[in-house]
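FYI, in the UniProt record's numbering the residues of the sequence shown are 1 to 631.
From the three backbone atoms N, C-alpha and C, an ideal C-beta is built for every residue, glycine too.
Below is one structure, written out as structure tokens; comments come after it.
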Amino acid sequence: MSSEYQARYDSWHRAPEAYWDEAARRIDWITPYEKVFDPAQGPFGRWFPGGTLNTAANCLDRHIAAGAGERVALIWDSAMEGRIARYTYRALRDRVAKLAGALAARGVAKGDRVVIYMPMVPEAAIAMLACARLGAIHSVVFGGFAAPELASRIDSAEPKLVIAASCGLEPGRVVPYKPILDAALERAAHKPRACLIFQREALRADLVPGRDEDYLDAEAAAVPHDPVPVAATDPLYVLYTSGTTGRPKGIVRDNGGHAVALAATIPMMYDVHPGPGSASEVMWTASDVGWVVGHTYIVYAPLLAGVTTVMYEGKPVGTPDAGAFWRVCAQHGVKTLFTAPTALRAIKQQDPEGALTRQHDLSKLEALFLAGERCDPPTAEWIAALLGRPVIDNWWQTETGWPISARFRGLGLTAFKPGSGGRPCPGYEVRALNPEGGLMPSGEVGALAIRLPLPPGCAPTLWHDDEGYRRAYLETFPGWYRTGDAGMVDEDGDIWVMGRTDDIINVAGHRLSTGAMEEVLAAHPDVAECAVIGRHDAVKGEVPLGLVVLKSGVARADAEIAAELVALVRERIGPVAAFKDALVVQRLPKTRSGKILRATMKQMANGAQPVIPPTIEDAAVLDQIAPLLSP
């Protein structure tokens, strides 16, 4: 274990308020906070009450004032347009200030909401930061979301203004956004005052007179706006996730705690630093600004830390091939790459020998970070051997906004333990609990929970729903935040996330992790990716069903491979798993952030009406596997 990591974690554990008070010195405050933490505010307390700041100024103006205005802040790499653009901190600040002026001229003020419906273009990040500069609350909706889902978010957030693009670009197709926005606005009860439309040359949109205006024209004509002071406890953004009630659940992120937590993570976890003057190390998060990972590690955290961030418009495969990620890393001198395991599995399926990595100079790449869902050990081991670099899985959620657990390159903790989400970050005390809320012994699976209070940067509440927050996260285990994930803490203190708590199946009275079975299936040399779900059984209660996608080029009989998979699970987990069925499928259904829709497939396999999340990437995949899953 790294003594530096342990010393840092222990210093937080001994005196958490002193720890966060010191961390807050990385941030410029307009008015000092009155307390580090006030347990009397909100569902579990609030961080830095009384303090005022501006997040956009901390991301941009602060570095310019320190002499780093000519440092590159953002590199936009569009494999879809075949174009690269670089923005210095000064250039980015100037565009943000102008767009903030355009929003203010259209009546947007502190506390107002703005919905952003954009693809992966710099204007999306500029819109986020412009809202932050005004103290307005942005809510980014993933570009291409269907009209009913976009309408539900508009009705919840009640934005004064919507910022959207005319279209998004996908391999082989153009996705018109404007017709979706028009349909959503027709459907929504709330009507925003105006819409700013970023026109892309691939498909320009018709503008509705009196409501729609050209984004770039509005920005160009505006007077730059200065940063507006906001309270540390004021919301910076609301990010919606699919709620269990059918209504979107608005995760609130505050300004003060968010800025403090994120600025601390870049040097501590990623070991990425700004250089003197205009120099900087480069980090690339291959995600989307529609997801929390994109909010945190494409936009806010790198800019708060003063480093260079890459925004990529493309896919891990097909733009043009499975070497796309390695091309971006080589071309921009990326030091750390952060992506989702599903991207690696897509690359592995297309290029199982990793031949395309050898076509690019990856000498500056020092580490690969993973999150989004648990990375199965075979995939982690494959990419670690291929790159010869540390592979660092980390675990977090939309609600927490930054990692709960990880490895810490800046603190010397980089040991590779495939399948583990790493050690807890300072700020988090994590335990596995039994159904009664008691502590599980080391190495035994339970419900993973975080002792209250949650650290800065975590969601302090839900949008207009304190009571819903308490019910969803705080009531199950009093004194703890319920993560909804199942896993264990081993004897070294490493956290293992085995899946959602509803991914634990009960086979003849034995509680078994589907994640453990997936590890075994993924270890088969012909398997690219897999999922295991529980199916009702009249005798055993539940039995596991495996679904596997094979690597490109595998020509063996499906039945032969399935028999080998059954034998492998029996050998490594035992007959107790009752694993007797493995199905070969062409693709697995996923969200657009890469999470496999296990719960939806489980509903289908058990004859229930499936709940199909609006974030599904391709609904046709469910239609393809439905006959195989029918009970």
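Span of the beta strand (DSSP E), counted from its first residue to its last, around residue i
{"i": "A523", "result": "It is not in any beta strand (DSSP E) - A523 carries neither H nor E in the DSSP assignment."}
{"i": "G446", "result": "446-451"}
{"i": "I84", "result": "83-88"}
{"i": "E542", "result": "541-550"}
{"i": "P267", "result": "Neither: P267 is in no beta strand (DSSP E) and is coded neither H nor E."}
{"i": "L368", "result": "367-370"}
{"i": "D496", "result": "For the record, residue 496 in the displayed sequence is Trp; it is not Asp. Unbroken beta strand (DSSP E) run through W496: 495-500."}
CA nearest to the CA of residue i, picked from the options
{"i": "Q397", "options": "S630, V293, E366, P341", "result": "V293"}
{"i": "R431", "options": "A264, V445, S420", "result": "V445"}
{"i": "R592", "options": "M311, D466, G290, P302", "result": "G290"}
{"i": "P379", "options": "E399, R407, G419, L239", "result": "The residue asked about is misnamed: residue 379 is Thr in this sequence, not Pro. Closest option to T379, Cα to Cα, is G419."}
{"i": "A340", "options": "Y300, W284, V307, T357", "result": "W284"}
{"i": "A164", "options": "D28, P176, D155", "result": "P176"}
{"i": "M118", "options": "A102, L622, G144", "result": "G144"}
{"i": "L181", "options": "G172, P192, I533, N54", "result": "P192"}
{"i": "R570", "options": "R470, A516, P610", "result": "A516"}
{"i": "M311", "options": "A406, A127, I612, V299", "result": "V299"}
{"i": "T400", "options": "T357, G410, I450, A384", "result": "I450"}
{"i": "L216", "options": "A184, S166, P403, P229", "result": "S166"}
{"i": "P441", "options": "W480, W463, E617, G487", "result": "G487"}
{"i": "A184", "options": "R200, F198, E158, Y473", "result": "E158"}
{"i": "K580", "options": "P613, L521, T615", "result": "L521"}
{"i": "G333", "options": "R358, E366, E313", "result": "E366"}
{"i": "Y297", "options": "A130, A582, L356, M269", "result": "M269"}
{"i": "G479", "options": "L452, H464, V497", "result": "L452"}
{"i": "G534", "options": "Q603, T483, R26", "result": "Q603"}
{"i": "P614", "options": "M128, P589, P224, N255", "result": "P589"}
{"i": "V576", "options": "L597, I596, I505", "result": "I505"}
Distance CB(residue i)-CB(residue j) smaller than 8 angstroms
{"i": "R133", "j": "A100", "result": "yes"}
{"i": "K540", "j": "A578", "result": "yes"}
{"i": "P631", "j": "G607", "result": "yes"}
{"i": "A68", "j": "S278", "result": "yes"}
{"i": "residue 641", "j": "A322", "result": "Beyond the ends of the chain as shown, which are 1 and 631, falls residue 641; an answer cannot be given."}
{"i": "V72", "j": "T88", "result": "yes"}
{"i": "K348", "j": "W382", "result": "yes"}
{"i": "C530", "j": "V548", "result": "yes"}
{"i": "G45", "j": "Y33", "result": "no"}
{"i": "L448", "j": "L439", "result": "no"}
{"i": "L413", "j": "S156", "result": "no"}
{"i": "G457", "j": "L262", "result": "yes"}
{"i": "V532", "j": "E518", "result": "yes"}
{"i": "P227", "j": "N54", "result": "yes"}
{"i": "E406", "j": "C425", "result": "According to the sequence provided, residue 406 is Ala. The question's Glu does not apply to it. Yes, the Cβ-Cβ distance between A406 and C425 is below 8 angstroms."}
{"i": "residue 657", "j": "T514", "result": "Nothing can be reported for residue 657, as the shown portion of the chain is limited to 1 through 631."}
{"i": "T342", "j": "G372", "result": "yes"}
{"i": "G421", "j": "I495", "result": "yes"}
{"i": "L169", "j": "E81", "result": "yes"}
{"i": "P302", "j": "T52", "result": "no"}
{"i": "H360", "j": "W402", "result": "no"}
{"i": "L474", "j": "V252", "result": "no"}
{"i": "A109", "j": "E219", "result": "no"}
{"i": "P148", "j": "R187", "result": "yes"}
{"i": "A324", "j": "G314", "result": "yes"}
{"i": "G257", "j": "A222", "result": "no"}
{"i": "M120", "j": "D234", "result": "no"}
Presumed contact (8 angstroms Cβ cut-off) between residue i and residue j, rounded CB distance
{"i": "L568", "j": "G546", "result": "In fact, because the Cβ distance is near 10 angstroms, the residues do not count as touching under 8 angstroms."}
{"i": "T308", "j": "V328", "result": "Not really, about 13 angstroms apart at Cβ, beyond 8 angstroms."}
{"i": "H138", "j": "I116", "result": "6 angstroms"}
{"i": "L512", "j": "V527", "result": "Contact flag wrong, Cβ pair sits at about 20 angstroms."}
{"i": "L74", "j": "P122", "result": "6 angstroms"}
{"i": "Y237", "j": "K249", "result": "So it is not a contact: roughly 14 angstroms between Cβ atoms."}
{"i": "G96", "j": "L150", "result": "This sequence places Val at residue 96; Gly is not what is there. Between L150 and V96 the Cβ distance is about 24 angstroms, and since that is not below 8 angstroms, they are no contact."}
Limits of the alpha helix (DSSP H) - the one that residue i falls within
{"i": "C329", "result": "324-332"}
{"i": "S139", "result": "Note, S139: premise wrong, no alpha helix (DSSP H); beta strand (DSSP E) at 137-142."}
{"i": "M283", "result": "No alpha helix (DSSP H) holds M283; the beta strand (DSSP E) holding it covers 282-285."}
{"i": "A157", "result": "147-157"}
{"i": "W12", "result": "3-14"}
{"i": "R345", "result": "341-350"}
{"i": "P377", "result": "377-387"}
{"i": "T615", "result": "Taken as a continuous stretch (DSSP letters only), T615 belongs to no alpha helix (DSSP H), as it is neither H nor E."}
{"i": "T55", "result": "55-59"}
{"i": "G468", "result": "466-469"}
{"i": "K249", "result": "Per DSSP, K249 belongs to no alpha helix (DSSP H); it is in the beta strand (DSSP E), 248-254."}
Closer than 7 angstroms: residue i CB and nearest the ligand FAD heavy atom
{"i": "D212", "result": "In the structure shown, the ligand FAD is absent, as is every other ligand, since no ligand is present at all."}
Neighbour flag for residue i against chain B, beta carbons, 8 angstroms
{"i": "R46", "result": "The structure shown contains no chain B; it holds only a single protein chain."}
(request) May I ask you to verify whether the region 19-38 touches the region 207-226, counting CB pairs closer than 8 angstroms and requiring at least 3? (result) No: the two stretches stay apart, fewer than three of their Cβ pairs being nearer than 8 angstroms.
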